[in-house]
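A.B. asks:
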Amino acid sequence: MIMPRRIPDIAVIGAGVAGLACAERLAENGLQVVVFDKGRQPGGRVAHRSRFGLSFEHGAPGQRPLVERLASRVPVMNRCRVTSVEQVAGGWRLFLDGRPLPRVHTGLVLAMPAVQAVSLAPELADVLRDVVMQPTLSVLVGLPGSLGRAVERIQFRTGSLKLAIRQHNDRPGSSEAWVLHAADDFSRDNLECDPDAVARHLWDRFVAALGIAAPNPVYLRGHRWRYARTEKPLGRNCWQDPARNLGVCGDWCLGHGVDEALASGRALAARILGIPERPVRQPLALTERRV
Ligand SMILES: Cc1cc2nc3c(=O)[nH]c(=O)nc-3n(C[C@H](O)[C@H](O)[C@H](O)COP(=O)(O)OP(=O)(O)OC[C@H]3O[C@@H](n4cnc5c(N)ncnc54)[C@H](O)[C@@H]3O)c2cc1C
């Protein structure tokens, strides 16, 4: 009897841009795919939060439509932290909070920052050892009134702040939302501090730097991005071990940014499918930054 060939069934861990882009392309080519993410919603560092009718983009701004489009095309399991993976007969088994999932997947894609990929697959430590990523501490501020400044972005050259971005909100009235990002040194030095205490400090610095009497925030939260940006990339678009059906992708393969994440995810999908990579339709905005 001829047994029907099993359709490859790939587990992608990480629903950031890289993982979603990889999964989308695999699904488009007839493979079975499921994406797992520990977050409440897909997007990873394209992060979004709504509070008090205000919305905040405290990761890469302006990329929600891309994430929503990609995530609508593949099954995404949110709030699923994969704590370990195991290679077994026929593929890979995933463990959520220490408990094994019944399904064995023929292939595995790790679409997350390099350090996190190594924590799931320690054998990658050698391949990924040169990748360096740096943290960023971010602050979400909701105000009952306006700062009275007709600016969208403020860049800081010195001190504990790097950037402040006014958030786009449809809410009528005068309330305003801002996202502040700490300077690189400050983020590194204060990474283990309580994020909300950091938020208070950075908000005070922001108000002092502007020299204004700002209204008291109705919402003030810190967010710790442990692996925010790539300092030293892998230097190739993705990594794959075809013998083990294991692949790794993420912005850090090529550099830093959403375009790099997209390119890396698609490159890994092309490798898994064994097809030449499709030419990119639009030039990548950040190509010149690639290593
Ligand atoms: C503050 C900030 C500002 C930025 N600004 C810009 C910008 O202006 N322009 C730009 O192009 N880029 C910007 N970026 C970078 C951009 O966000 C990233 O390059 C891109 O989103 C990376 O996508 P990714 O898929 O490679 O990784 P990620 O988005 O990090 O996705 C990894 C995913 O894996 C999940 N995960 C990890 N471990 C597990 C596990 N064990 N189990 C389940 N899930 C897991 C995470 O929850 C996450 O969703 C910014 C980033 C930050 C932090």
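Residue 65 in our numbering sits at position 65 of the sequence shown, and the numbers go up by one each step. Quick reminder that beta carbons are idealized off the backbone N, C-alpha and C, glycines included.
#1: Could you tell me whether the Cβ atoms of Arg221 and Asp196 are closer together than 8 Å?
#2: So, under 8 Å CB-CB, Leu143 and Pro217 are touching, yes? Tell me the CB distance rounded to an integer number of Å.
#3: So Leu26 packs on Ile272, CB below 8 Å; how close in whole Å?
#4: Spatial neighbours of Leu286 within its chain, please: CB distance less than 6 Å, with the 5 preceding and 5 following residues excluded, ordered by chain position.
#5: What are the start and end residues of the alpha helix (DSSP H) that includes His223?
#6: Is any heavy atom of ligand 1 found at a distance shorter than 7 Å from the C-beta of Met112?
#7: Could you tell me the boundaries of the beta strand (DSSP E) in which Pro249 lies?
#8: Using alpha carbons as the reference points, say which of Leu20, Glu152, Val33 lies closest to Pro42.
#9: Please state whether DSSP places His181 in a helix, a strand or coil.
#10: Please tell me whether, using a cut-off of 7 Å, the distance from the CB of Thr106 to the nearest non-hydrogen atom of ligand 1 is below it.
#11: From Ser187 to Leu137, what distance separates their C-alpha atoms?
#12: Could you give the DSSP three-state label for Thr287: helix, strand or coil?
#13: Let me know if Val46 comes out buried or exposed under the rule of 16 or more other beta-carbons within 10 Å of its beta-carbon.
#14: So with Cβ pairs under 8 Å, would you call Ala228 a contact of chain D?
#15: Check whether the Cβ of Gln134 sits closer than 7 Å to any heavy atom of ligand 1, and report yes or no.
#16: If the criterion is Cβ atoms closer than 8 Å, does the pair Gly14 and Leu96 meet it?
C.D. replies: Answer, in terms of the structure:
#1: yes
#2: 6 Å
#3: 6 Å
#4: The predicted position of Leu286 is uncertain, since its pLDDT is 41 and thus under 50; a value taken from the coordinates is nonetheless stated next. Gly257, Asp259.
#5: That residue, His223, is in no alpha helix (DSSP H); its beta strand (DSSP E) goes 219-232.
#6: yes
#7: The sequence shown places Cys at residue 249, rather than the Pro named in the question. Segment 246-249, the beta strand (DSSP E) holding Cys249.
#8: Leu20
#9: strand
#10: no
#11: 5 Å
#12: Its pLDDT being 36, under 50, Thr287 is placed unreliably by the model, and nothing is read from it.
#13: buried
#14: No chain D appears in the structure shown, which is made up of a single protein chain.
#15: no
#16: no
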